[in-house]
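Colleague:
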Amino acid sequence: MVAWICSLGKSLKAAIAALGFAFLLLFLAIKITLFGKKFDQPVRLRHIILELHASGVQALPVVILMAGTIGIMLAIQGIHSLAIFGAESQVTFGLALSIPREFAPLITGIIVAGRSGSQLASRVGSMRLNGELDALTAMGIAPARFIVAPCLIGLMLSLPILVATANLSAFVAAGLYLDTALGISPVAYWNDVFIIVSLADLAQSFGKAFVFSILISIISISKGLSVVGGADMLGKATTSSVVTCIGSIIVADTFFALLS
Amino acid sequence: MKTQQDRAETPLKVNSLQGGYNGQAVIHDCNMTVTAGEIVVIMGGSGSGKSTFLRHLIGLKPPMQGDVELFGQSLYSVSEMERLSLLKGIGVSFQSGALLSSLTVAQNVSLPLIEHTHLDQQTIDFIIRMKLDFVGLLGKENLLPSELSGGMLKRAAVARAIALDPRIAFMDEPSAGLDPAVSASLDELIIKLRASLGMSVVVVTHELESAFKIADRIIILDRGYIIFSGTVEEIKVSKNLRIQNLINRVPEEEEFDPEAHLKRLFGEA
Numbered sequence: 395m396v397a398w399i400c401s402l403g404k405s406l407k408a409a410i411a412a413l414g415f416a417f418l419l420l421f422l423a424i425k426i427t428l429f430g431k432k433f434d435q436p437v438r439l440r441h442i443i444l445e446l447h448a449s450g451v452q453a454l455p456v457v458i459l460m461a462g463t464i465g466i467m468l469a470i471q472g473i474h475s476l477a478i479f480g481a482e483s484q485v486t487f488g489l490a491l492s493i494p495r496e497f498a499p500l501i502t503g504i505i506v507a508g509r510s511g512s513q514l515a516s517r518v519g520s521m522r523l524n525g526e527l528d529a530l531t532a533m534g535i536a537p538a539r540f541i542v543a544p545c546l547i548g549l550m551l552s553l554p555i556l557v558a559t560a561n562l563s564a565f566v567a568a569g570l571y572l573d574t575a576l577g578i579s580p581v582a583y584w585n586d587v588f589i590i591v592s593l594a595d596l597a598q599s600f601g602k603a604f605v606f607s608i609l610i611s612i613i614s615i616s617k618g619l620s621v622v623g624g625a626d627m628l629g630k631a632t633t634s635s636v637v638t639c640i641g642s643i644i645v646a647d648t649f650f651a652l653l654s
Numbered sequence: 594m595k596t597q598q599d600r601a602e603t604p605l606k607v608n609s610l611q612g613g614y615n616g617q618a619v620i621h622d623c624n625m626t627v628t629a630g631e632i633v634v635i636m637g638g639s640g641s642g643k644s645t646f647l648r649h650l651i652g653l654k655p656p657m658q659g660d661v662e663l664f665g666q667s668l669y670s671v672s673e674m675e676r677l678s679l680l681k682g683i684g685v686s687f688q689s690g691a692l693l694s695s696l697t698v699a700q701n702v703s704l705p706l707i708e709h710t711h712l713d714q715q716t717i718d719f720i721i722r723m724k725l726d727f728v729g730l731l732g733k734e735n736l737l738p739s740e741l742s743g744g745m746l747k748r749a750a751v752a753r754a755i756a757l758d759p760r761i762a763f764m765d766e767p768s769a770g771l772d773p774a775v776s777a778s779l780d781e782l783i784i785k786l787r788a789s790l791g792m793s794v795v796v797v798t799h800e801l802e803s804a805f806k807i808a809d810r811i812i813i814l815d816r817g818y819i820i821f822s823g824t825v826e827e828i829k830v831s832k833n834l835r836i837q838n839l840i841n842r843v844p845e846e847e848e849f850d851p852e853a854h855l856k857r858l859f860g861e862a
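Residue numbers (the numbering used here), protein chains in the order written: chain A, 395 to 654; chain B, 594 to 862.
(1) Go ahead and pull the three-state DSSP assignment for A/Met-467.
(2) At which residues does the beta strand (DSSP E) containing B/Thr-626 begin and terminate?
(3) Hey, quick one: how far does the beta strand (DSSP E) through B/Val-607 stretch, first residue to last?
(4) Could one say the Cβ of B/Lys-681 lies closer than 8 Å to chain A's Cβ atoms, at least one of them?
(5) To the nearest angstrom, report how far apart B/Ile-828 and A/Leu-619 are at their CA atoms.
(6) Can you tell me whether A/Cys-400 is buried or exposed, with buried defined as 16 or more other CB within 10 angstroms of its CB?
(7) Who are the Cβ neighbours of B/Met-594 in its own chain at under 6 Å, not counting the five residues just before and after it?
(8) Quick one: Cα of B/Arg-842 to Cα of B/Glu-802, how far?
(9) Does the beta carbon of A/Gln-435 sit closer than 8 Å to a beta carbon anywhere in chain B?
(10) Check whether chain B comes within 8 Å of A/Glu-526, counting only Cβ atoms and requiring the distance to be less than that.
(11) By the criterion of Cβ-Cβ separation under 8 Å, what are the contact partners of B/Gly-652 in chain A?
(12) B/Asp-674 CB to nearest chain A CB: under 8 Å?
(13) According to DSSP, is B/Met-674 part of a helix, a strand, or is it coil?
(14) A/Ala-536 touches chain B at which residues, Cβ-Cβ below 7 Å?
(15) Could you check whether the Cβ of B/Val-627 sits closer than 8 Å to any Cβ belonging to chain A?
(16) Bridge partners for B/Leu-663 per DSSP, in chain order?
(17) From B/Leu-736 to B/Ser-768, what distance separates their C-alpha atoms?
(18) What distance in whole Å lies between the Cβ atoms of B/Val-795 and B/Ile-635, which are believed to be in contact at a cut-off of 8 Å?
(19) What residue range is occupied by the uninterrupted alpha helix (DSSP H) comprising B/Arg-787?
(20) Can you name the residues of chain A whose CB is closer than 9 Å to the CB of B/Ser-694?
(21) Can you tell me the Cα-Cα spacing of B/Ala-749 and B/Met-764, whole angstroms?
(22) Using the DSSP secondary-structure output, state which residues sit across from B/Met-764 in a beta bridge.
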């Protein structure tokens, strides 16, 4: 029992330390973004563009595919559920309420956490293991401005774009399915979508994208920075990064749902 | 009050430095000075604290006590941003090279130039070629670090370290793991750095031959203490047994306690 309590205490202490470290990273990234130039440590636009390309542009195909599939799946399930009440034609309401508020940001967040989050954790972890972060510091380049801030800003810009793309892709795919399955014309479908989707829904969609981008970048980088030892630990950190990112995204999503 | 001349003549000064890991001291009360254009070699056996000492010198590890002065300014009593500014004035070549693996040789060498200067791309390209020529890597600009041999990797690291023409360069085990010919060429390179650029160089090594060839002064670290500081001639005539053992490659004689040894074997100690 004592050993169990000790183990719990240690885990709790480690979790608090990890949380503190993540907040410190976030603070450093914000500080260096706002005041870096004053200290001759400016965050370079080309680093942000590179991150934007890696986490945004390169993720577009998979986001379009997955969001489209989810859109069709939601349409199928919506028709199936509403058929019990003979209200299949109202399926657009379900889609318009759930895609922007829930599915588009959630699926995009999970895809980016799995794709860019893992890549970020392994990149930073391998830089740490190879002494590249020490080399940057010894050259007078703050790793916070070279890696942390560009990744954070890159994801903060790319995730909303990806969420917008996911929304569009899911609606287009669901609309095409409804046209085929129920004969709902695209004009009628899009008309309903534009009427039903409110600004508050879009605000929640992009608000989630903003929060998820911070969670993914900071968790992934802090996991990468915590790598010590060798390749085995790098693999563990990468896995842990993806699991923690997805877990945090779902918890944050629940908070959004409770607050709205 | 330090004068401008003092600062120029003493790029590095270590005052009563004590450092280590997790509150446990590995370096004890170390004092040293490196003057302009001097090549200082820090030697010592494995585990003597050389690499830890170097990490303190290059701003990667705050000491437990004492201080490191770079160009007359304290490295650890300033803010992190000021420390990074001070570090722009030094060059470091790490044992593993520590080149950014995703960048080519040229991109690695250009990194400090792009980040710390406002030079145009044409000038930067010229400086890159000049530095790579200096270390004998001209023509290898577009190779990735993974495509370089051990010797080339260390040369590329030196090229990056001297990209901004620092007044002092630090080199961690520049010839470790290299064949004698490549090792000798790196020694020549270090001497050339001082001769052509007037640079002070601090080299951490355990290669005796290399140290004797390049050093103006040798500092010997033993169990975290500086036990010797002097010229090559002085070290050769030193009467200190530990120094003689080190330079004559005599294995250290440890007191053997059979009982304690058995306990260690059985995992009881």
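Even for Gly, the Cβ is constructed at its ideal location relative to N, Cα and C.
This one's a predicted model, so the numbers in the text were calculated from it and none came from an experiment.
Modeller: Concretely, from the data shown:
(1) Within the first sequence, residue 467 of chain A is the residue found at index 73, counting from 1. If DSSP states are grouped into helix, strand and coil, A/Met-467 belongs with the helices.
(2) The residue you call residue 626 of chain B lines up with position 33 of the second sequence. 617 to 627 is the extent of the beta strand (DSSP E) around B/Thr-626.
(3) Locating residue 607 of chain B in the second sequence gives position 14, counting from the first residue. Its beta strand (DSSP E) spans residues 605 to 614.
(4) Start at 1 with the first residue of the second sequence, and residue 681 of chain B comes out as number 88. Closer than 8 Å to some Cβ of chain A, the Cβ of B/Lys-681 qualifies, so yes.
(5) Residue 828 of chain B sits at position 235 when you count from the first residue of the second sequence. Residue 619 of chain A sits at position 225 when you count from the first residue of the first sequence. Those two C-alpha atoms are separated by around 42 Å.
(6) Counting from one through the first sequence, the residue named residue 400 of chain A turns up at place 6. Under a 10 Å Cβ-count criterion, A/Cys-400 is classified as exposed, with fewer than 16 other Cβ atoms of the shown protein chains found around its own Cβ.
(7) Taking the first residue of the second sequence as position 1, residue 594 of chain B is located at position 1. Bear in mind that the predicted position of B/Met-594 carries a pLDDT of just 49, short of 50, making it unreliable; the figure below should be weighed with that in mind. Contacts found: none.
(8) To locate residue 842 of chain B, count along the second sequence from 1; it is residue 249. To locate residue 802 of chain B, count along the second sequence from 1; it is residue 209. Roughly 12 Å between the two C-alpha positions.
(9) Counting from 1 along the first sequence, the entry for residue 435 of chain A is found at position 41. Yes - at least one Cβ of chain B is within 8 Å of the one on A/Gln-435.
(10) Taking the first residue of the first sequence as position 1, residue 526 of chain A is located at position 132. Yes, A/Glu-526 lies at the interface with chain B (some Cβ there is under 8 Å from its Cβ).
(11) One-based indexing of the second sequence puts residue 652 of chain B at position 59. By Cβ distance, chain A contributes Thr-531, Ala-532.
(12) Translated into the one-based positions of the second sequence, residue 674 of chain B becomes position 81. Looking at the sequence provided, one finds Met at residue 674 of chain B rather than Asp. It does; some Cβ of chain A falls within 8 Å.
(13) Within the second sequence, numbered from 1, the residue matching residue 674 of chain B stands at position 81. In the structure shown, B/Met-674 sits in a helix (DSSP, three-state: H, G or I).
(14) Looking up residue 536 of chain A in the first sequence gives position 142. Within 7 Å of the CB of A/Ala-536, the CB atoms of chain B belong to Leu-677, in sequence order along the chain.
(15) Within the second sequence, residue 627 of chain B is the residue found at index 34, counting from 1. Answer no: the Cβ-Cβ gap between B/Val-627 and chain A never drops below 8 Å.
(16) Position 70 of the second sequence holds residue 663 of chain B. In the DSSP output, where bridge partners are listed per residue, B/Leu-663 has B/Leu-605, B/Gln-666.
(17) On the second sequence, position 143 is the one that residue 736 of chain B refers to. On the second sequence, position 175 is the one that residue 768 of chain B refers to. Whole-angstrom Cα-Cα distance: 21 Å.
(18) Start at 1 with the first residue of the second sequence, and residue 635 of chain B comes out as number 42. Start at 1 with the first residue of the second sequence, and residue 795 of chain B comes out as number 202. Confirmed, about 7 Å.
(19) Residue numbering aside, residue 787 of chain B sits at position 194 when the second sequence is read from its first letter. 773 to 790 is the extent of the alpha helix (DSSP H) around B/Arg-787.
(20) Here the question's residue 694 of chain B lines up with position 101 in the second sequence. For B/Ser-694, the chain A residues whose C-beta falls within less than 9 Å of its own C-beta are Ser-520, Met-521, Asn-524, Glu-526, listed in chain order.
(21) Within the second sequence, the letter at position 156 stands for residue 749 of chain B. Within the second sequence, the letter at position 171 stands for residue 764 of chain B. Between B/Ala-749 and B/Met-764, the C-alpha separation is close to 12 Å.
(22) On the second sequence, position 171 is the one that residue 764 of chain B refers to. Bridge partners of B/Met-764 according to DSSP: B/Ser-686, B/Val-796.
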